[in-house]
């Protein structure tokens with residue numbers, strides 16, 4: 004955050020836990036119940052540090068411990084799931100929508116305050132009794148030291164883009180992203196708060212000092 008200038012947040016990627024359609028797990032409660040029986044008995048895959056952080060928040064809220072498998076991409080994690088190498092994965096909608104349409108996978112829960120329009124039947128963690136909310140944002144940042152006038156100029160341009168029908172239909176809807184506009188000041192606070200969560204969680208995992 005200290006090395007960048009936040010211009011605007013434009014959208015949110017949703018983080019969901021996804022299983023194979025024929026999985027014995029039909030709800031997040033099923034997963035928690037089995038995971039509580041034996042530590043590290045279940046495996047979950049993800050593709051980046053955001054997935055790892057989100058997973059740790061889930062573990063802490065549920066009082067469980069899962070085996071986390073790190074992959075280089077969401078596609079690799081999906082391949083591992085479909086191949087039966089892991090019990091579940093963290094994924095955002097663009098990473099699993101085609102497999103969901105083919106009835107190969109089932110999203111169980113979303114780490115957001117509210118259900119997402121594209122998957123209205125999928126409950127939130129909070130609905131399931133677990134306080135897990137994770138913001139995975141898409142936005143525009145710039146080098147440090149920009150003047151307030153320059154920041155305001157680009158923020159205004161992006162706000163106009165954000166409000167267009169083409170943006171909503173050809174980007175948000177097409178890639179199953181949630182609206183998430185924030186101007187520079189609000190986006191800076193979001194990033195700062197998120198950085199603190201990442202730092203605390205990665206330290207608890209022993210990944211940073």
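Residue numbers (my numbering): 4 to 212.
Every residue, glycine too, gets a C-beta built ideally from N, C-alpha and C.
Does the beta-carbon distance from residue i to residue j come in below 8 Å?
i, j, result
"residue 159", "residue 9", "no"
"residue 12", "residue 178", "no"
"residue 161", "residue 30", "no"
"residue 76", "residue 94", "no"
"residue 147", "residue 54", "no"
"residue 52", "residue 131", "no"
Helix, strand or coil for residue i? Go by DSSP, reduced to three states.
i, result
"residue 179", "coil"
"residue 141", "strand"
"residue 92", "strand"
"residue 120", "helix"
"residue 44", "coil"
"residue 50", "coil"
"residue 81", "helix"
"residue 205", "helix"
"residue 27", "coil"
"residue 12", "strand"
"residue 38", "helix"
"residue 167", "coil"
"residue 161", "helix"
Go through its chain and collect everything with a Cβ distance to residue i's Cβ below 8 Å, but skip five positions before and after it.
i, result
"residue 175", "14, 181, 182"
"residue 74", "48, 49, 50, 80, 83"
Once the 5 residues before and after residue i are set aside, which same chain residues still bring their CB inside 7 Å of it?
i, result
"residue 246", "Outside the modelled stretch of the chain, which goes from 4 to 212, sits residue 246, for which no answer is possible."
"residue 135", "60, 61, 64, 114, 128"
Looking only at C-alpha atoms, which of the options sits nearest to residue i?
i, options, result
"residue 155", "185, 211, 195, 92", "185"
"residue 85", "97, 102, 74", "102"
"residue 90", "100, 117, 130, 28", "28"
"residue 100", "202, 200, 78, 157", "78"
"residue 66", "207, 38, 152", "38"
Please confirm whether any heavy atom of the ligand GDP lies closer than 7 Å to the CB of residue i.
i, result
"residue 92", "The ligand GDP is not part of this structure, which contains no ligands at all."
What residues in its chain sit with their C-beta under 6 Å from that of residue i, if we drop five residues either side in the sequence?
i, result
"residue 20", "91, 111, 112"
"residue 34", "28"
If you pair each beta-carbon of the segment 106-120 with each one of the segment 18-27, do three or more pairs fall below 8 Å?
yes
Any 3 or more C-beta pairs closer than 8 Å across the segment 187-203 and the segment 133-147:
yes
When you compare the segment 66-83 with the segment 164-171, are there three or more beta-carbon pairs, one atom per stretch, that lie closer than 8 Å?
Segments in contact, no.
Would you call the segment 32-52 in contact with the segment 114-122, where contact means no fewer than 3 C-beta pairs closer than 8 Å?
No: the two stretches stay apart, fewer than three of their Cβ pairs being nearer than 8 Å.
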